[in-house]
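So the structure is just underneath, and the comments pick up after that.
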């Protein structure tokens, strides 16, 4: 293959061409083109996506098998038989060069000066064309940003009612393998619905599709919303008095409203909704009265990452409106649109893994695979259908967030 792509978003590991946004555009590589020029439609619009919003694409990580009998540097991030690399670089022929340690960064300009003991050189991704190793031994490439979204999606799924308390990374890795097409050769991406048709021999740039390459992690519009929430339109409703509720039949009625709000702020939406159905005292709370409650709810929304919450600390404003904006995806930014797309893909993978865990599935032991010389025997596959991309993101995110909305706002 001439180019391979991120397993989670289907995007490239290089910065695609864009047109110059104007005389002050600092991007020296931007092209000066006008509509009608031959390559105009095959360059991204520099006025819609800046150079710095594309640099996330070059931050590559891999998820690769960890072998107990091999010598590795200490301090690696190991997850259920697999290790997550530091940030490395894409190489030719479906290989990547990546640091062993998660916090290390390998720059393409410094390859000759690198510490070879701390770097995995030319690691195969999406299989090896010369070796029919089982897919349990394959490595998969991701953007650093997409990997952050996958981690958040896993945590989100594990918090849902009826979900496994833990979804092992070995099962997630197995699901990746079920979405690979190659038998003896290599793939360039997973067989998933990424929501775009840009994957060919090389990444296909289509003007107007800047959302597929916009940074999903550093979203200025999202940061602005969380840093400066909309002002309150009117004074909040004071907490109701709960003295009329029978405290013998409803233990929550014995607690002051302020304490109930504090308890609810630590619970996911589904648990809050269940409590409001079970307790008149909780149901009678005027949730509008506590902006702290709505600010806490943001942490339990789909598409919200731990880093986002750093921008919500100590800020006043209408947090219920912020919650609503994020729940329905009204942040008008290409990066957030891309995040919702990647979240939908990640949740599709995570749901498949969760179903396998609930069914008692045990993935093939990586160490056994190596001792057996890469035998394909004994593989179990999760299914034949790919996880959804952009369409699933738009539908799945809303259903996940709205499961408890009626009970929350009732």
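Residue numbers (this note's numbering): 136 to 545. We treat Cβ as the ideally placed atom computed from N, Cα and C, and that holds for glycine. As the structure is a prediction and not an experimental result, all values here were calculated from the model.
Residue i versus residue j: straight-line alpha-carbon distance, rounded
| i | j | result |
| --- | --- | --- |
| residue 339 | residue 401 | 45 Å |
| residue 478 | residue 438 | 6 Å |
| residue 508 | residue 474 | For residue 508, the pLDDT reaches just 47, beneath the cut-off of 50, and the residue's location in the model is therefore unreliable, although a value from the coordinates is still provided. Roughly 39 Å between the two C-alpha positions. |
| residue 195 | residue 240 | 9 Å |
| residue 180 | residue 451 | 36 Å |
| residue 399 | residue 285 | 27 Å |
| residue 393 | residue 467 | 35 Å |
| residue 342 | residue 165 | 14 Å |
| residue 287 | residue 485 | 11 Å |
| residue 491 | residue 171 | 52 Å |
| residue 324 | residue 481 | 14 Å |
| residue 358 | residue 446 | 7 Å |
Reduced DSSP category for residue i - H, G, I as helix; E, B as strand; rest coil
| i | result |
| --- | --- |
| residue 170 | coil |
| residue 195 | strand |
| residue 212 | strand |
| residue 151 | coil |
| residue 407 | helix |
| residue 347 | helix |
| residue 234 | strand |
| residue 284 | helix |
Cβ neighbour criterion (16 or more within 10 Å) applied to residue i
| i | result |
| --- | --- |
| residue 204 | exposed |
| residue 229 | buried |
| residue 303 | buried |
| residue 233 | buried |
| residue 301 | exposed |
Nearest to residue i (by Cα), restricted to the options the options
| i | options | result |
| --- | --- | --- |
| residue 362 | 351, 453 and 387 | 453 |
| residue 355 | 212, 443, 315 and 403 | 443 |
| residue 415 | 425, 387 and 399 | 387 |
| residue 151 | 186, 436 and 434 | 186 |
| residue 483 | 221, 169 and 292 | 292 |
| residue 350 | 336, 391 and 183 | 183 |
| residue 330 | 296, 347 and 312 | 347 |
| residue 217 | 223, 235 and 224 | 235 |
Endpoints, alpha helix (DSSP H) assigned at residue i
| i | result |
| --- | --- |
| residue 276 | Taken as a continuous stretch (DSSP letters only), residue 276 belongs to no alpha helix (DSSP H), being part of the beta strand (DSSP E) at 275-278. |
| residue 488 | 469-493 |
| residue 401 | Where residue 401 is concerned, there is no enclosing alpha helix (DSSP H), given that its DSSP letter is neither H nor E. |
| residue 362 | 355-362 |
| residue 306 | 304-313 |
| residue 565 | Coverage of the chain is limited to positions 136 through 545, which leaves residue 565 absent and any answer about it impossible. |
| residue 431 | 426-432 |
Contact test: residue i Cβ vs the ligand FAD heavy atom, cutoff 7 Å
| i | result |
| --- | --- |
| residue 314 | The ligand FAD is absent from the structure shown, which contains no ligand whatsoever. |
Residue span of the beta strand (DSSP E) that contains residue i, given as start and end
| i | result |
| --- | --- |
| residue 225 | 224-226 |
| residue 456 | First-last for residue 456: 454-463, but that is the alpha helix (DSSP H), not the beta strand (DSSP E). |
| residue 218 | 217-219 |
| residue 165 | It is not in any beta strand (DSSP E) - residue 165 carries neither H nor E in the DSSP assignment. |
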